[in-house]
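A.B. asks: Residue numbers (this note's numbering): 1 to 260.
C-beta: ideal position from N, C-alpha, C; glycine also.
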């Protein structure tokens, strides 16, 4: 391959000040293709992972497979800087929540997210010696705190008065006056979706800590055992870029077919 190749006007000249330090043979594996999810925590520092070592291993993991909803309960440190009076109050607000534990205080925080198919071509890479093993990631989640204990409190505190009923009635009339058929259809559709999501039961899963023996065994599946399955060496950068562009297009197309 020539060192002064260019793609679409962009120079790819290799600089002597930035030499290639190491090369890797690249392998791919799909053994975890249907089970590999990327959990992201946008407001959680990366130096504070939810692990047993950091004393923050998740207490429970739940999923609604049809709706694609995921909830994770993580522990709250209640020994210091914790308002127990408010904790008891918030815990009472979740008395009717089937996912609540039996603690008299709110000693956990719930993170939630909806599973989203990857629109970008994400892969997990593991280096072993001179080998780079890649596994595709098809689904991602961005888990953020849920404030359902506050939502329950708000519902309890809202007084059902005549003025409030009139206000709701007025708004309904104003909306229906603009487009009664569309408004009714939209309301029924939204109500049906919400009821369907609400009625779907939670399926509890077991959270396996990353330091456990089982996790290490599963981790081994990220390595390709077939030495014949590897990304071939390309004779030019243009062909390599073309190949990964085709792979990305096929990936998005497959996700679209699944959704339809």
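(1) I need the DSSP call for residue 33, collapsed to helix, strand or coil.
(2) Compute the Euclidean distance between the alpha carbons of residue 134 and residue 21, then round it to the nearest angstrom.
(3) For residue 35, tell me which candidate among 93, 140, 84 has the shortest Cα-Cα distance.
(4) If you reduce the DSSP assignment to three classes, tell me which class residue 168 lands in.
(5) Could you tell me if residue 224 is buried or exposed, where buried requires 16 or more neighbouring beta carbons within 10 angstroms of its beta carbon?
(6) Do residue 113 and residue 70 have their C-beta atoms within less than 8 Å of each other?
(7) If you count every other CB in all the chains shown that lies within 10 Å of the CB of residue 216, and 16 or more means buried, which is it?
(8) What would DSSP say about residue 23, mapped onto helix, strand or coil?
(9) Who are the near neighbours of residue 209 in its chain, counting only those whose CB is closer than 7 Å to its CB and skipping five residues on each side?
(10) Determine the closest residue to residue 101 out of 41, 80, 211, 72, with distance taken between C-alpha atoms.
(11) Does the count of Cβ pairs from the segment 194–206 and the segment 90–97 closer than 8 Å reach three?
C.D. replies: So, from the data block:
(1) Here residue 33 sits in coil by DSSP.
(2) So the two alpha carbons sit approximately 20 Å from each other.
(3) That would be 140, whose Cα lies nearest to the Cα of residue 35.
(4) Caution applies to residue 168, whose pLDDT of 47 falls short of 50 and renders its modelled position unreliable; the value that the coordinates give is listed next. Three-state DSSP puts residue 168 in a helix.
(5) When all chains shown are included, residue 224 counts as buried.
(6) Taking 8 Å as the cut-off, the Cβ atoms of residue 113 and residue 70 count as close.
(7) Counting other Cβ atoms within 10 Å of its Cβ, residue 216 stays below 16 and is therefore classed as exposed.
(8) Residue state, collapsed to three classes: coil.
(9) For residue 209, same chain residues with a beta-carbon under 7 Å away, outside a window of 5 residues either side, are 51, 52, 57, 215 in chain order.
(10) Out of 41, 80, 211, 72, 72 has the C-alpha closest to the C-alpha of residue 101.
(11) Contact check between the segment 194–206 and the segment 90–97: fewer than three CB pairs, one atom from each, fall below 8 Å, which does not count as touching.
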